[in-house]
Structure formats: structure tokens, C-alpha cells
Amino acid sequence: MHVLRGVSFSVRGAECLQVTGANGSGKTTLLRALCGLVPPEEGQVRWCGVDIGADPSAYHRALAYLGHDNGLKGDLTADENLRFGIGLRCRVTPTAIGAALTRAGLAGQRGLPLRQLSAGQRRRVALARLPLFDARLWILDEPGSNLDSAGQALLLELLQAHLAEGGTAVVATHQALDLPAGTHRGVMLQ
Amino acid sequence: MSARASFASAAALLMARDLRLALRRAGDSLLPLGFFLVITTLFPLALDPELSQLRDIAPAALWVGALLSSLLALDLLFRDDGQDGALEQLALCGQPFAGLLLAKTVVHWLLTGLPLVLVAPLAAIALGAPYGAMPGILAAVLLGTVCLSLIGAVGAGLTLSLRRNGSLLALLVLPLAVPVLIFGARATALAIAGESLAAPLYLLAAIAVLAATLAPWALAAAVRIGLE
């Protein structure tokens, strides 16, 4: 069965592409294909003009992906999760991790195992990880799920900072993204 | 730009993470060892406590126990990481995926294979093996568990996307593990008889080297398919 057909777009630096579409329209499949997790049967995904299959490692180093699942371990604390999760990619200091968690409003929960936090708090830990990945391309699948309004504000703040640094983002969400004019485009899957 | 992590530091960090997670769930990690001990201690209870008879069945009891308990442990290898999205993050972290999965398999062996290596000689004594057979049994179980962990990891990778994967995993892995069972049991029998066990040990070592060379690539391909 083909999920996606005739989908074509490009995103530039300092730009956020918002992907919308009905449930089951293939948003997640599209984002996973962009990451290289699902190889497209036909067509290409290109990063800086080069097919992502040519050098997947280089592409993945430039990529931060947040899927439906946070990719965090419930038995580890927020601190440990960030240390292990980010340390796989780049060196990170405890100070930077502390600052990221404080920014996400989790300063008081740093030492708790993640399974003791609420779903929204766990999502915040996953969001706090994004800037530390030091990636130019963010691919976010429903990043706002389980988040309260302060959490949504955090998401926007992180996205704005990322775009201001010249980063690129592809976000699948139905929530209105209040981003500066000229940095925000939409694509709808049918 | 912050400095990129080398593969060695990434693999070390991943192993440290998995060890820490296992410590926090010590019960899960000790289950296969307990299973092995139960199997090997049940044999003397079910049979005549005739020493010669126990010695005859010792290799079979040890190796069937080791094989089944390593199967039991395989379920732990990727299940949690697959469910919470951690495996996706590993696949996308820009490090060699096969290497990271091999690091995970090494930790899995440390947690489930190494305890068997340490306990197997004791279980063999309980089954009436002479003390002189200990080094040989230790070497055979060491090589055998390495093979079983590597072969089993590929099976665990292949069944990653199936919800109830236990039975299929056993069906996939058991035929591949049969050579390990045969040569391991043969080496143990020779060790107990006090004869040279070089031939089956060399064969076990050959299987271990073959598995260590090929398994990481097969594993990476299998897990990638599972993540699709």
C-alpha cells in the first residue's frame, strides 16, 4: 500500500515547515522517511543537495528527531537521560544539561526517575534535549502532545531560537505555531 | 559547535547506560541465571543419584540449561529500547549503528552470559563432574555463551517489530544454536572424561569468531527493518 504519493517540497535554513493532515494521512510516515528510518520506494530525500542515503551518518549528525515516543528511559533520571542521550552524539557538560532542564521548568525534578514524572513532564525532557543535540535540522512529530500551555510556550521558544540561529525545522502538528512571519510555511497531506 | 563524540566514547556511554538500567532492574537480569540453576539442579533430583549416571547427563543438562536460559534472556535485549523509542534515537545518532548494537550485545552477554560462565562449573560439580574438568567447562561455556548471545541478538533484532515474539524468536534461534549445543556438550563430556577437548573448543571458537564478524551487520540490518 502506498501511503505517500506525489509529495514534494523543500525547506531552507531559518525556516519551519509545518506538516498538517488528517489522522492516517501519512504525517508520521513522511517524517520517518525524511529521517531515513523508512526508505522511500521511489523518490529522494536530499539534504544540502545530496541524497541522504549517500552518507547517512553525516546527515544524522545534523538531524534531531523527536517521534511519538520520547526515546527516554523511565528508570533513569532526567539528568541521566540527557547525559546518555546527548553524549552519544556530542560532548555535553552537566552545566548545559542543568540549564536545559531549568529552562524546561524541570529544575526540581532532575533527580527523579522519569517514570515518576507525568507524560507532559517527560515530553518536556525530550524537548529540552533538542537544542543540546547541536543539530541544524529538527524533525518533530506532534511535539506538543501532552504539553500544557507553558509547555507549548517552551516549544515555541525553542523553535524560535533554533530558527534564529539559522536552523531548519519540519514539524507535524495541528497546533497553530506562532512563529515570526517569513519563517513559517505549511504543507497539508491529503 | 560542540565537539563530536567519538564512536568509542559513544559505545562506552551506551554500555554504561545499559549496565545502570540493568542494575535498577536487577530481577530481570538475574532471571536467566536463576532459570539455569533451577534446570541444572532439577536433573539430579529427577534421576537416580548414581554418580556415574549424573556424570553422563551433566553435559546435556548444562548445555540445554544454558541454551534455554540464554533464549529467555534475549527478550530483554531490545524490547524496552524498541518500545520507548530509544532504539530510533540510536539509529539516528550518527554513530555506526552496527557498532552500537554490538556494544549492547556485549552488555547483554556481561549480564546474562558471564554469570552462566561463572556458575556453570559449580553446576557441573553438583552434577558430579571432577574438579579437573573445571577449566575445560569454563572455556567451553565462555565460548558457547558468546556464540549464543551473538546469534540470539540477530534473532531478537529480526523479531523486534512483532508484538508477541517469544515463540518465533525461539524457532528462529534454536536451529542456529544447535551447533553450539553439540560442540559445547561434546567439549564438556570430554572435559569430564579427562580427555583432550581441543577439537570441539576450536570449533566453538570458530563459530564465535564467525558470529562476532557477521552478527553486527546482520543485526543492524534486522533492527533497521524492525524500525520501519
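Line by line, the protein sequences are chains S and V. Here numbering that gives the first Met the number 0 is used: the first residue of the first sequence is 0, the next is one more, and so on. Here numbering that gives the first Met the number 0 is used: the first residue of the second sequence is 0, the next is one more, and so on. Beta carbons are placed, not taken as given, at the ideal position from N, Cα and C, and that holds for glycine. In this text, all values refer to a predicted model and were calculated from it rather than measured experimentally.
Residue 108/V, enclosing alpha helix (DSSP H) - first and last residue: Translated into the one-based positions of the second sequence, residue 108/V becomes position 109. Run containing residue 108/V: none; DSSP gives neither H nor E here.
Supposed close pair residue 102/V, residue 14/V - CB separation, criterion 8 angstroms: For the purposes of this step, residue 102/V is taken as the residue at position 103 of the second sequence. For the purposes of this step, residue 14/V is taken as the residue at position 15 of the second sequence. Approximately 5 angstroms separates the beta-carbon atoms of residue 102/V and residue 14/V; this is inside 8 angstroms, confirming the contact.
Assigned exposure category for residue 191/V - 16 Cβ within 10 Å defines buried: Taking the second sequence and counting its residues from 1, the one referred to as residue 191/V is at position 192. Buried, by the Cβ-count rule.
Backbone secondary structure at residue 136/S - three-state DSSP: The residue labelled residue 136/S in the question sits at position 137 within the first sequence. Strand at residue 136/S.
Reference residue 211/V; option with closest CA among 51/V, 108/V and 193/V: One-based indexing of the second sequence puts residue 211/V at position 212. Of the candidates 51/V, 108/V and 193/V, the one whose C-alpha sits nearest the C-alpha of residue 211/V is 108/V.
Cβ contact check for the segment 59-70 of chain V and the segment 166-184 of chain V: 3 or more pairs under 8 angstroms: yes
Where residue 128/S falls: helix, strand or coil (DSSP): Counting from one through the first sequence, the residue named residue 128/S turns up at place 129. It is helical.
Other residues of its chain near residue 94/V: CB distance less than 7 angstroms, five sequence neighbours each side excluded: Your numbering for residue 94/V matches position 95 in the second sequence. In the same chain as residue 94/V, and ignoring 5 residues on each side of it, the C-beta atoms closer than 7 angstroms to its own belong to 6 and 9, in chain order.
In DSSP terms, what residue 112/S is bridged to: In the first sequence, residue 112/S corresponds to position 113, counting from 1. In DSSP, residue 112/S forms a bridge with 76/S.
Where residue 50/S sits in the DSSP three-state scheme: The residue given as residue 50/S occupies position 51 in the first sequence. Three-state DSSP puts residue 50/S in a strand.
Contacts around residue 63/S, its chain only, beta-carbon distance under 6 angstroms, and the 5 residues preceding and following it disregarded: Position 64 of the first sequence holds residue 63/S. 129, 132, 134 and 137, listed in sequence order.
Reduced DSSP category for residue 59/V - H, G, I as helix; E, B as strand; rest coil: As a working note, residue 59/V is residue 60 in the second sequence. Residue 59/V falls in the helix class under three-state DSSP.
Inter-residue Cα distance where the pair is residue 118/S and residue 104/S: Taking the first sequence and counting its residues from 1, one reaches residue 118/S at position 119. Taking the first sequence and counting its residues from 1, one reaches residue 104/S at position 105. Taking the straight line from one Cα to the other gives about 14 angstroms.
Residue 118/V versus residue 37/V: straight-line alpha-carbon distance, rounded: Sequence index remark: in the second sequence, residue 118/V carries index 119 (1-based). Sequence index remark: in the second sequence, residue 37/V carries index 38 (1-based). Approximately 12 angstroms between the Cα atoms of the pair.
Within-8 angstroms CB hit, residue 87/V to chain S: What you label residue 87/V is simply residue 88 of the second sequence in a count that begins at 1. Nearest CB-CB separation between residue 87/V and chain S: below the 8 angstroms threshold.
Check: residue 134/S C-beta below 7 angstroms from any heavy atom of the ligand MN: With respect to the ligand MN, the structure shown offers nothing to examine, as it has no ligands at all.
Proximity test, Cβ basis, 8 angstroms: residue 24/V and chain S: Position 25 of the second sequence, counted from the first residue, corresponds to residue 24/V. Taking Cβ atoms only, chain S reaches closer than 8 angstroms to residue 24/V, which makes this a yes.
Min CB distance residue 59/S to chain V below 8 angstroms: Within the first sequence, numbered from 1, the residue matching residue 59/S stands at position 60. Interface residue, yes.
Proximal residues of chain V, C-beta to C-beta of residue 44/S below 7 angstroms: Position 45 of the first sequence, counted from the start, is the residue given in the question as residue 44/S. Those do not exist, as residue 44/S stays about 13 angstroms from chain V at its closest Cβ, beyond 7 angstroms.
Where the beta strand (DSSP E) through residue 171/S begins and ends: Along the first sequence, read from residue 1 onward, the residue named residue 171/S stands at position 172. Unbroken beta strand (DSSP E) run through residue 171/S: 167-171.
Assigned secondary structure, residue 94/V (DSSP; H/G/I helix, E/B strand, else coil): Here the question's residue 94/V lines up with position 95 in the second sequence. In the three-state scheme derived from DSSP, where H, G and I count as helix and E and B as strand, residue 94/V is classed as coil.
When 53/V, 214/V, 224/V and 213/V are compared against residue 126/V, the one with the closest alpha-carbon: Within the second sequence, the letter at position 127 stands for residue 126/V. Per the Cα distances, 53/V.
Secondary structure of residue 12/V, DSSP reduced to three states: Position 13 of the second sequence, counting from 1, holds the residue named residue 12/V. Looking at residue 12/V - three-state DSSP - the assignment turns out to be helix.
CB contact below 8 angstroms: residue 136/S versus chain V: The residue you call residue 136/S lines up with position 137 of the first sequence. No, residue 136/S does not count as interfacial toward chain V.
C-beta atoms of residue 99/S and residue 113/S nearer than 8 angstroms: Counting from 1 along the first sequence, the entry for residue 99/S is found at position 100. Counting from 1 along the first sequence, the entry for residue 113/S is found at position 114. In this structure, the beta-carbon distance from residue 99/S to residue 113/S does not fall below 8 angstroms.
Of the residues 43/S, 2/S, 174/S and 58/S, the one placed nearest residue 9/S, counting alpha carbons only: Counted from its first residue, the first sequence places residue 9/S at position 10. Comparing Cα positions, the closest option is 43/S.
Residue 183/S (DSSP reduced to helix, strand or coil): Within the first sequence, the letter at position 184 stands for residue 183/S. Residue 183/S falls in the strand class under three-state DSSP.
Nearest-angstrom Cα separation, counted from residue 19/S out to residue 26/S: In the first sequence, residue 26/S corresponds to position 27, counting from 1. In the first sequence, residue 19/S corresponds to position 20, counting from 1. Whole-angstrom Cα-Cα distance: 7 angstroms.
Backbone secondary structure at residue 24/V - three-state DSSP: Reading the second sequence from its first residue, position 25 is the one you call residue 24/V. Three-state DSSP puts residue 24/V in coil, outside helix and strand.
Beta-carbon contacts of residue 99/V that lie in its chain and below 8 angstroms, excluding the five residues immediately before and after: Position 100 of the second sequence, counted from the first residue, corresponds to residue 99/V. Here the set comprises 9, 10, 13, 89 and 92.
Residue 15/S beta carbon less than 8 angstroms from that of residue 178/S: The sequence position of residue 178/S within the first sequence is 179, counting from 1. The sequence position of residue 15/S within the first sequence is 16, counting from 1. The answer is yes: Cβ separation under 8 angstroms.
Local Cβ density within 10 Å of residue 152/S, reported as buried at 16 or more and exposed below that: Residue numbering aside, residue 152/S sits at position 153 when the first sequence is read from its first letter. Label assigned to residue 152/S: exposed.
Best match in 22/S, 28/S and 13/S for proximity to residue 6/S [C-alpha to C-alpha]: Here residue 6/S refers to the residue found at position 7 of the first sequence. Selected option, being the one with the closest Cα: 28/S.
6 angstroms CB neighbourhood of residue 111/V in its chain, flanking five on each side removed: Numbered from its first residue, the second sequence carries residue 111/V at position 112. Cβ within range, chain order: 31 and 72.
Cβ separation of residue 70/V and residue 145/V, assumed to be a contact under 8 angstroms, to the nearest whole Å: Residue numbering aside, residue 70/V sits at position 71 when the second sequence is read from its first letter. Residue numbering aside, residue 145/V sits at position 146 when the second sequence is read from its first letter. Not quite, the Cβ-Cβ distance comes to about 15 angstroms (not below 8 angstroms), so this is no contact.
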